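What follows is a short report on a single structure.
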Amino acid sequence: MGATTHSVGASNTHTTAGQVDIRKRAIAVGIGNFMEWFDFAVYGYFAAVIGMLFFPSSAPGVSLLSSLAVFAVGFLSRPLGALLLGPIGDRFGRRAVLVITVFGMGVCTTIIGLLPTYEAIGIAAPILLIAMRFIQGMMVGGEWSSAGIYMVESAPSNRRATAASVITGTAGLAFLFGTFVAAALTTTMDEAALNSWGWRVPFVVSIVMTGIAVFIRRKLGDTPVYEEMVRQRDQHKALAPSKAVRRRAFITTFAFSALFGVSLYYFVTYANNHLVSTVGLPRSTALWLCSIALLVYVIVNPLVGQLSDRIGRRKLLLGAAGGLTVLAFPIFLLLNSGNPVAILAGLIVLGVLVAVTAVMDVVLLVEVFPASIRSSGAALGHNLALATLAGPGPFIAAALISMTGNANLPAAYLAAVSLVCLVVLYKTLPETRDNDITRF
Numbered sequence: 001m002g003a004t005t006h007s008v009g010a011s012n013t014h015t016t017a018g019q020v021d022i023r024k025r026a027i028a029v030g031i032g033n034f035m036e037w038f039d040f041a042v043y044g045y046f047a048a049v050i051g052m053l054f055f056p057s058s059a060p061g062v063s064l065l066s067s068l069a070v071f072a073v074g075f076l077s078r079p080l081g082a083l084l085l086g087p088i089g090d091r092f093g094r095r096a097v098l099v100i101t102v103f104g105m106g107v108c109t110t111i112i113g114l115l116p117t118y119e120a121i122g123i124a125a126p127i128l129l130i131a132m133r134f135i136q137g138m139m140v141g142g143e144w145s146s147a148g149i150y151m152v153e154s155a156p157s158n159r160r161a162t163a164a165s166v167i168t169g170t171a172g173l174a175f176l177f178g179t180f181v182a183a184a185l186t187t188t189m190d191e192a193a194l195n196s197w198g199w200r201v202p203f204v205v206s207i208v209m210t211g212i213a214v215f216i217r218r219k220l221g222d223t224p225v226y227e228e229m230v231r232q233r234d235q236h237k238a239l240a241p242s243k244a245v246r247r248r249a250f251i252t253t254f255a256f257s258a259l260f261g262v263s264l265y266y267f268v269t270y271a272n273n274h275l276v277s278t279v280g281l282p283r284s285t286a287l288w289l290c291s292i293a294l295l296v297y298v299i300v301n302p303l304v305g306q307l308s309d310r311i312g313r314r315k316l317l318l319g320a321a322g323g324l325t326v327l328a329f330p331i332f333l334l335l336n337s338g339n340p341v342a343i344l345a346g347l348i349v350l351g352v353l354v355a356v357t358a359v360m361d362v363v364l365l366v367e368v369f370p371a372s373i374r375s376s377g378a379a380l381g382h383n384l385a386l387a388t389l390a391g392p393g394p395f396i397a398a399a400l401i402s403m404t405g406n407a408n409l410p411a412a413y414l415a416a417v418s419l420v421c422l423v424v425l426y427k428t429l430p431e432t433r434d435n436d437i438t439r440f
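Sequential numbering of the sequence shown, starting at 1, is according to this note's numbering.
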């Protein structure tokens, strides 16, 4: 009886210790992920001010367009970041990439906040800004997949999607917090102060979050899956995956990442601009409606993770792809109604569907790739999809309205991408909930 009691006590102690360790990892990765996405998003909120200061032009709209073009540079550099940082994660560990990305992003963001303007140093100002945005994009290219891999590889097998929701939820929270910060600065400062130094505040203070995030991440151990992979590699037991396995994993990843990326940037980047510039809502009204929907999105993420851990990935993801295909035009009809209640309903429906694609994106980045090529393969497939299809999404949406005058037509791009992804995923994506993610 005594031995049995001791065994149960030891087991309970081990379980509790494991839960505490997972909680610490979730906090460490979540803080860093929040900071990275806040830094990346805050540029977009102050694009108009930055455009005026770094790309001065007398032509209407040229400064803003130049600034948004620099925003796009951050997407173009993401695949390069995946190519450079992904192999580091496979060779030197998932933790190593997490430290590099959070440090690189934080330093670049702070430098942007300290850069002299065009008026002070001329053409060097926009060149330095472009360089910082390029590096930021590289860091984000490594962060999303690496943070997701770290969380999912650290989680119990029956909680992997729930763990993935930490990444998607904290990213959504970062966009929400960035919205509040931008709104607070805009409403509490006069235009002269905001243009002079106010816009710099969120960029510069990010160095504090950077220091905290780097300190916490340096204390992390690596994932059990990576540690086992190292042991197998040292014993010459790990075999390289076949070309067929690599190709199928890449195609599948490109499809679910494109579905996620296009729908996400419609939701967090394009919707607010559409409501203001096309529907004609006051900016404050559009901001509040998008913020409420974004809050719902954040809340839904862990619920999606828990549901997926019970019923699997394939049904949820195919359902979301089908939903985005069928509901894209009804969502835009609601957005274009001008009625705040209808608009909020449309935004919430879109947000819930995006939440499903987000959580599935993170967990599947782990489950479709063998462990030995997971960091490099997942990062490359994910970021190529975002650079080629998701990044241009808001621009394509605006261009469709400009060319046709039809405010509902942006739905066509969302529906078309979703339909193609649905077909590809139906053919290539098996149910992966019970996959052995330690396989090499």
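Just so it is clear, CB atoms sit at the ideal spot from N, CA and C, and this is done for glycine as well. Small disclaimer: the values here were computed from a predicted structure and weren't measured.
With 16 or more other Cβ atoms inside 10 Å of its own Cβ, residue 153 counts as buried. The alpha helix (DSSP H) runs of length 4 or more contained entirely in the segment 254–306 are, from start to end of the chain, 271–274.
A residue is called buried once 16 or more other Cβ atoms fall within 10 Å of its Cβ, and residue 139 is buried on that count. For residue 138, the uninterrupted alpha helix (DSSP H) segment begins and ends at 124–154. Residue 364 sits close to residue 256, with the two beta carbons spaced by under 8 angstroms.
Close CB contacts of residue 358 within its chain, under the 6 angstroms cut and outside five residues either way in sequence, are with 168, 260 (chain order).
Beyond the five residues adjoining it in sequence on each side, residue 400 comes within less than 6 angstroms, by CB distance, of 409, 410 in the same chain, given in chain order.
The beta carbon of residue 185 sits closer than 6 angstroms to those of 198, all from its chain and outside the five residues before and after it, given in chain order. Around the beta carbon of residue 157, fewer than 16 other beta carbons sit within 10 angstroms, so the residue counts as exposed. The residues 172, 351, 355, in chain order, have a CB closer than 6 angstroms to that of residue 297 in the same chain once the five nearest residues on each side in sequence are set aside. If you draw a 10 Å sphere on the C-beta of residue 302, you find 16 or more other C-beta atoms in it, and that means buried.
Within the same chain, Cβ atoms closer than 7 angstroms to the Cβ of residue 272 are found at 286, 287, 290, the five residues on either side in sequence being excluded.
In the displayed model, residue 93 falls within coil according to three-state DSSP, outside both helix and strand.
Residue 243 and residue 103 have their C-alpha atoms spaced approximately 34 angstroms apart.
With 16 or more other CB atoms across the displayed protein chains lying within 10 angstroms of its CB, residue 50 is buried. Contact between residue 149 and residue 378 is confirmed by a C-beta separation of about 6 angstroms, below the 8 angstroms threshold. DSSP places residue 427 within a helical segment (H, G or I) once states are collapsed to three. One alpha carbon belongs to residue 76, the other to residue 175, and they sit about 20 angstroms apart. Here DSSP, grouped into helix, strand and coil, assigns residue 219 to coil. Taking 8 angstroms as the cut-off, the beta carbon of residue 137 is found closer than this to the beta carbon of residue 81. Per DSSP, residue 433 is not a residue of any alpha helix (DSSP H), being assigned neither H nor E.
For the pair residue 210 and residue 34, the CB atoms are not nearer than the 8 angstroms cut-off. Look at the beta carbons and you see the segment 205–221 touching the segment 105–112: at least three pairs across the two are nearer than 8 angstroms.
Per DSSP, the unbroken alpha helix (DSSP H) holding residue 332 starts and ends at 314–335. Assignment of alpha helix (DSSP H) within the segment 94–120, counting only whole runs of 4 or more residues, yields 94–114 in chain order. A distance of 8 angstroms or more separates the beta carbons of residue 429 and residue 322.
Looking at 118, 90, 112, 395, the one whose alpha-carbon comes closest to that of residue 135 is 112. Within the model, the alpha-carbon separation for residue 226 versus residue 412 is close to 42 angstroms. For residue 224, the number of other beta carbons within 10 angstroms of its own is below 16, and it is reported as exposed. The shortest C-alpha to C-alpha distance from residue 392 to any of 264, 353, 177, 195 is the one to 264. Counting every other CB atom within 10 Å of its CB across the protein chains shown gives residue 403 a total below 16, marking it as exposed. Excluding sequence positions up to five before and after residue 295, its CB lies within less than 7 angstroms of the CB of 176, all in the same chain and listed in chain order. Straight-line measurement puts the Cα of residue 24 at about 10 angstroms from the Cα of residue 219.
Residue burial annotation: residue 330 is exposed, with fewer than 16 other C-beta atoms found within 10 angstroms of its C-beta. Taken through DSSP and simplified to helix, strand or coil, residue 159 comes out as helix.
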